[in-house]
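Structure first, commentary second.
2 protein chains.
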Amino acid sequence: MRLTTKGRYAVTAMLDLAIHSDRGPVSLAEISKRQEISLSYLEQLFSKLRKAGLVASVRGPGGGYQLGRGLDAIFVAQIVDAVNESIDATSCGGKGNCQQGEVCLTHHLWSDLSDQIHHFLSGISLAKLVSRHDVKSISQRQEINSLDDLDVIQSSRLA
Amino acid sequence: MRLTTKGRYAVTAMLDLAIHSDRGPVSLAEISKRQEISLSYLEQLFSKLRKAGLVASVRGPGGGYQLGRGLDAIFVAQIVDAVNESIDATSCGGKGNCQQGEVCLTHHLWSDLSDQIHHFLSGISLAKLVSRHDVKSISQRQEINSLDDLDVIQSSRLA
DNA sequence: TAATAACCCACTATTTTAGTCAACTAAATA
DNA sequence: TATTTAGTTGACTAAAATAGTGGGTTATTA
Chain A
0 MRLTTKGRYA VTAMLDLAIH SDRGPVSLAE ISKRQEISLS YLEQLFSKLR KAGLVASVRG
60 PGGGYQLGRG LDAIFVAQIV DAVNESIDAT SCGGKGNCQQ GEVCLTHHLW SDLSDQIHHF
120 LSGISLAKLV SRHDVKSISQ RQEINSLDDL DVIQSSRLA
Chain B
0 MRLTTKGRYA VTAMLDLAIH SDRGPVSLAE ISKRQEISLS YLEQLFSKLR KAGLVASVRG
60 PGGGYQLGRG LDAIFVAQIV DAVNESIDAT SCGGKGNCQQ GEVCLTHHLW SDLSDQIHHF
120 LSGISLAKLV SRHDVKSISQ RQEINSLDDL DVIQSSRLA
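Those sequence lines, one after another, are chains A and B.
Heads up: the first sequence begins at 0 in numbering that gives the first Met the number 0, then just goes up one per residue.
Heads up: the second sequence begins at 0 in numbering that gives the first Met the number 0, then just goes up one per residue.
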């Protein structure tokens with residue numbers, strides 16, 4: 000599980016797509032303008048997102064991209080994974096040169112941690128992000144400042 | 000919140016330090032050998048960890064590094080933050096060229112998400128990692144599937 | 001004082017991220 | 001059918017982050 004600006008770009012673009020997908024396919028040119036991400040870089044990202052089945056493409060005039068499935072079936076972890084090729088298995092994989100098993104243990108520990116983060120991000124759907132988008136635009140009127148406030152609002156909405 | 004191999008190196012090294020700190024200071028040379036991380040790279044990382052107060056150094060023969068505070072007062076998020084200089088505030092910070100406020104909204108959404116991940120990693124202490132080292136991965140037995148489950152488990156452990 | 005290990009700095013190599021450019025294919029419409 | 005739109009692909013480049021080198025200095029202890 001890697002978490003860099005690349006993943007942020009992808010999540011942002013997917014979110015933009017989700018928000019604007021009510022009126023047919025969304026072209027990368029639109030997303031590029033709105034989110035200020037270079038068109039060619041978006042092409043690279045969406046090529047991977049498409050291969051992962053997260054988006055579907057429509058060619059020709061009026062074409063663009065659509066979500067590959069429902070808002071509530073696309074999760075942040077999937078988006079991040081799609082653009083970040085999976086992390087390499089690291090050093091001691093099958094070499095067996097671990098001293099007293101310690102190297103392998105710490106390695107496993109990290110991968111456990113990585114799994115936990117993955118689990119966590121697997122619990123956040125695009126739908127949840129979009130609904131938070133709504134909440135946020137409301138919050139600007141209501142003067143909500145802390146994350147805790149947001150959580151309260153969000154969980155009450157999801158319930 | 001960035002999450003790359005750099006942070007993994009730091010967490011792994013801190014964990015190695017934690018495990019071996021019962022017999023006085025641990026030298027970077029030892030950690031370098033055990034974890035197969037270059038000594039000079041470790042020096043760079045520990046320079047930052049020291050400035051963050053996560054470790055304390057002892058110079059001279061027999062010297063090395065010790066944990067800056069108790070196992071249960073050092074959290075993964077702190078380690079990752081210490082070595083990854085904080086993410087830049089990104090594009091639309093004060094430029095005001097956001098169209099209908101949308102660009103800023105997605106930016107805020109991402110930073111919220113980033114906060115959530117941060118919050119999550121703030122709940123995992125070195126003590127927890129070390130005990131997991133002993134117990135060999137508790138999560139695999141508990142079958143954690145949803146975010147809610149994770150939250151419940153985590154908060155009950157902290158209580 | 002000699003050995004040890006942290007500390008510090010400038011430098012290099014590699015990889016990843018981000019972006020550019022150009023040619024091509026498929027679909028829609030005039 | 002010709003043209004336009006927009007995805008598709010690949011090769012290439014620039015910049016940044018990651019990872020590692022090398023050489024020195026300072027503090028401490030034996």
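Every residue, glycine too, gets a C-beta built ideally from N, C-alpha and C.
Q) Relative to the ligand MG, is the shortest distance from any of its heavy atoms to the C-beta of Leu108 (chain A) smaller than 7 angstroms? A) As presented, the structure is devoid of all ligands, the ligand MG included, so that no description of it is given.
Q: Quick one: grab the DSSP three-state call for Leu53 (chain B).
A: One-based indexing of the second sequence puts residue 53 (chain B) at position 54. Looking at Leu53 (chain B) - three-state DSSP - the assignment turns out to be coil, as it is neither helix nor strand.
Q. Closer than 7 angstroms, Cβ to any Cβ of chain A: which residues of the stretch 22-42 of chain B, in chain order?
A. Arg33, Gln34, Glu35
Q) Where do the N-terminal and C-terminal ends of the alpha helix (DSSP H) with Gly6 (chain B) fall, by residue? A) Counted from its first residue, the second sequence places residue 6 (chain B) at position 7. First-last of the alpha helix (DSSP H) with Gly6 (chain B): 4-19.
Q. Taking Cβ-Cβ distances shorter than 7 angstroms, what residues in chain B pair up with Asp15 (chain A)?
A. What you label residue 15 (chain A) is simply residue 16 of the first sequence in a count that begins at 1. Within chain B, the residues near Asp15 (chain A) are Thr105.
Q: Please confirm if Leu48 (chain A) has its CB atom under 8 angstroms from at least one CB of chain B.
A: Taking the first residue of the first sequence as position 1, residue 48 (chain A) is located at position 49. Taking Cβ atoms only, chain B never reaches closer than 8 angstroms to Leu48 (chain A), which makes this a no.
Q) Is Ser171 (chain B) helix, strand or coil when you go by DSSP? A) Here chain B covers residues 0 to 158 and nothing more, so residue 171 (chain B) does not appear.
Q: Sort out for me which residues DSSP pairs Tyr40 (chain A) with in a bridge.
A: Along the first sequence, one-based indexing puts residue 40 (chain A) at 41. DSSP output for Tyr40 (chain A) lists no bridge partner at all.
**Q.** 8 angstroms Cβ cut-off: residues of chain A touching Arg131 (chain B)
**A.** Here residue 131 (chain B) refers to the residue found at position 132 when the second sequence is read from its first residue. Those are Leu108, Asp111, listed as they occur along chain A.
Q) Which whole-angstrom value is the C-beta distance of Pro24 (chain A) and Val57 (chain A), which I expect to be below 8 angstroms? A) Counting from 1 along the first sequence, the entry for residue 24 (chain A) is found at position 25. Counting from 1 along the first sequence, the entry for residue 57 (chain A) is found at position 58. Sure, about 4 angstroms apart at Cβ, within 8 angstroms.
Q) For the beta strand (DSSP E) that Leu66 (chain B) lies in, which residues bound it at each end? A) Residue numbering aside, residue 66 (chain B) sits at position 67 when the second sequence is read from its first letter. Run containing Leu66 (chain B): 63-66, per the beta strand (DSSP E) assignment.
Q. Which residues mark the beginning and the end of the alpha helix (DSSP H) in which Asp80 (chain B) is found?
A. As a first step, residue 80 (chain B) must be located in the second sequence, where it is residue number 81. Taken as a continuous stretch (DSSP letters only), the alpha helix (DSSP H) holding Asp80 (chain B) covers 75-82.
Q | For Gly122 (chain B) and Ser20 (chain B), the rounded distance between their alpha carbons | A | What you label residue 20 (chain B) is simply residue 21 of the second sequence in a count that begins at 1. What you label residue 122 (chain B) is simply residue 123 of the second sequence in a count that begins at 1. The alpha-carbon atoms of Ser20 (chain B) and Gly122 (chain B) are separated by roughly 23 angstroms.
Q | Interface residues of chain A facing Ile116 (chain B) [CB-CB closer than 9 angstroms] | A | Working through the second sequence from its first residue, we reach residue 116 (chain B) at position 117. Residues of chain A passing the Cβ test: Leu2, Ile116, Phe119, Leu120.
Q) Is Val54 (chain A) near Leu38 (chain A), with beta carbons less than 8 angstroms apart? A) Within the first sequence, residue 54 (chain A) is the residue found at index 55, counting from 1. Within the first sequence, residue 38 (chain A) is the residue found at index 39, counting from 1. No, these two residues do not count as a Cβ contact at 8 angstroms.
Q: Measure from the alpha carbon of Gly63 (chain A) to the alpha carbon of each residue in A:Ala51, A:Leu41, A:Leu108, A:Arg7, then state which is nearest.
A: Your numbering for residue 63 (chain A) matches position 64 in the first sequence. Checking every option, the nearest Cα to that of Gly63 (chain A) belongs to A:Leu41.
Q) Going by the CB atoms, is the gap between Met13 (chain B) and Ile116 (chain B) shorter than 8 angstroms? A) Translated into the one-based positions of the second sequence, residue 116 (chain B) becomes position 117. Translated into the one-based positions of the second sequence, residue 13 (chain B) becomes position 14. No.
Q) Leu184 (chain A) touches chain B at which residues, Cβ-Cβ below 8 angstroms? A) Residue numbering for chain A in the displayed model covers 0 to 158; residue 184 (chain A) lies beyond these limits and cannot be assessed.
Q: Going by CA-CA distance only, name the one from A:Gly61, A:Asn83, A:Ala17 that's closest to Ser130 (chain A).
A: Working through the first sequence from its first residue, we reach residue 130 (chain A) at position 131. Closest by alpha carbon: A:Ala17.
Q: Could you say which of A:Arg7, A:Ser26, A:Ser113 lies nearest to Pro60 (chain A) if we only look at CA atoms?
A: Residue 60 (chain A) sits at position 61 when you count from the first residue of the first sequence. Comparing Cα-Cα distances from Pro60 (chain A) to each of A:Arg7, A:Ser26, A:Ser113, the minimum goes to A:Ser26.
Q | Extent of the continuous alpha helix (DSSP H) to which Ala72 (chain A) belongs | A | Taking the first sequence and counting its residues from 1, the one referred to as residue 72 (chain A) is at position 73. That residue, Ala72 (chain A), is in no alpha helix (DSSP H); it is neither H nor E in DSSP.
Q: Report the option in B:His118, B:Ser113, B:Leu70, B:Ser110 whose CA atom is closest to the CA atom of Ser124 (chain B).
A: Taking the first residue of the second sequence as position 1, residue 124 (chain B) is located at position 125. Nearest C-alpha to Ser124 (chain B): B:Leu70.
Q.
Considering just the uninterrupted stretch of the alpha helix (DSSP H) at Glu29 (chain A), what are its terminal residues?
A. On the first sequence, residue 29 (chain A) is found 30 positions in, with the first residue counted as 1. Where Glu29 (chain A) is concerned, the enclosing alpha helix (DSSP H) stretches over 27-34.
Q: Determine, using beta carbons only, whether Arg7 (chain A) and Trp109 (chain B) come nearer to each other than 8 angstroms.
A: Locating residue 7 (chain A) in the first sequence gives position 8, where the first residue counts as 1. Locating residue 109 (chain B) in the second sequence gives position 110, where the first residue counts as 1. Yes. Within cutoff.
Q) Out of A:Leu44, A:His118, A:Leu48, A:Glu35, which has the shortest C-alpha to C-alpha gap to His106 (chain B)? A) Here residue 106 (chain B) is taken as the residue at index 107 of the second sequence, counted from 1. Looking at the Cα atoms, A:Glu35 is the closest of the given residues.
Q: Within its chain, find whatever has a CB closer than 8 angstroms to the CB of Lys50 (chain B); leave out the 5 residues flanking it on each side and keep chain order.
A: The residue given as residue 50 (chain B) occupies position 51 in the second sequence. Around Lys50 (chain B): Ala81.
Q: Could you check which residue in B:Met0, B:Ala72, B:Thr11 has the C-alpha nearest to that of Ser31 (chain B)?
A: Position 32 of the second sequence holds residue 31 (chain B). It is B:Thr11 whose Cα lies nearest to the Cα of Ser31 (chain B).
Q. When the distance is taken between beta carbons, is Thr3 (chain B) closer than 8 angstroms to Thr4 (chain A)?
A. On the first sequence, residue 4 (chain A) is found 5 positions in, with the first residue counted as 1. On the second sequence, residue 3 (chain B) is found 4 positions in, with the first residue counted as 1. No, Cβ-Cβ distance for Thr4 (chain A) and Thr3 (chain B) is not below 8 angstroms.
Q. How long is the line joining the alpha carbons of Asp114 (chain A) and Leu48 (chain A), rounded to whole angstroms?
A. Taking the first residue of the first sequence as position 1, residue 114 (chain A) is located at position 115. Taking the first residue of the first sequence as position 1, residue 48 (chain A) is located at position 49. If I take the Cα positions, the gap works out to 21 angstroms.
Q: To the nearest angstrom, report how far apart Ser46 (chain A) and Asn83 (chain A) are at their CA atoms.
A: The sequence position of residue 46 (chain A) within the first sequence is 47, counting from 1. The sequence position of residue 83 (chain A) within the first sequence is 84, counting from 1. Our two residues, Ser46 (chain A) and Asn83 (chain A), have alpha carbons roughly 12 angstroms apart in a direct line.
**Q.** Neighbouring residues, chain A, relative to Val75 (chain B) (Cβ below 8 angstroms)
**A.** One-based indexing of the second sequence puts residue 75 (chain B) at position 76. Close partners of Val75 (chain B) in chain A (Cβ separation under 8 angstroms): Leu112.
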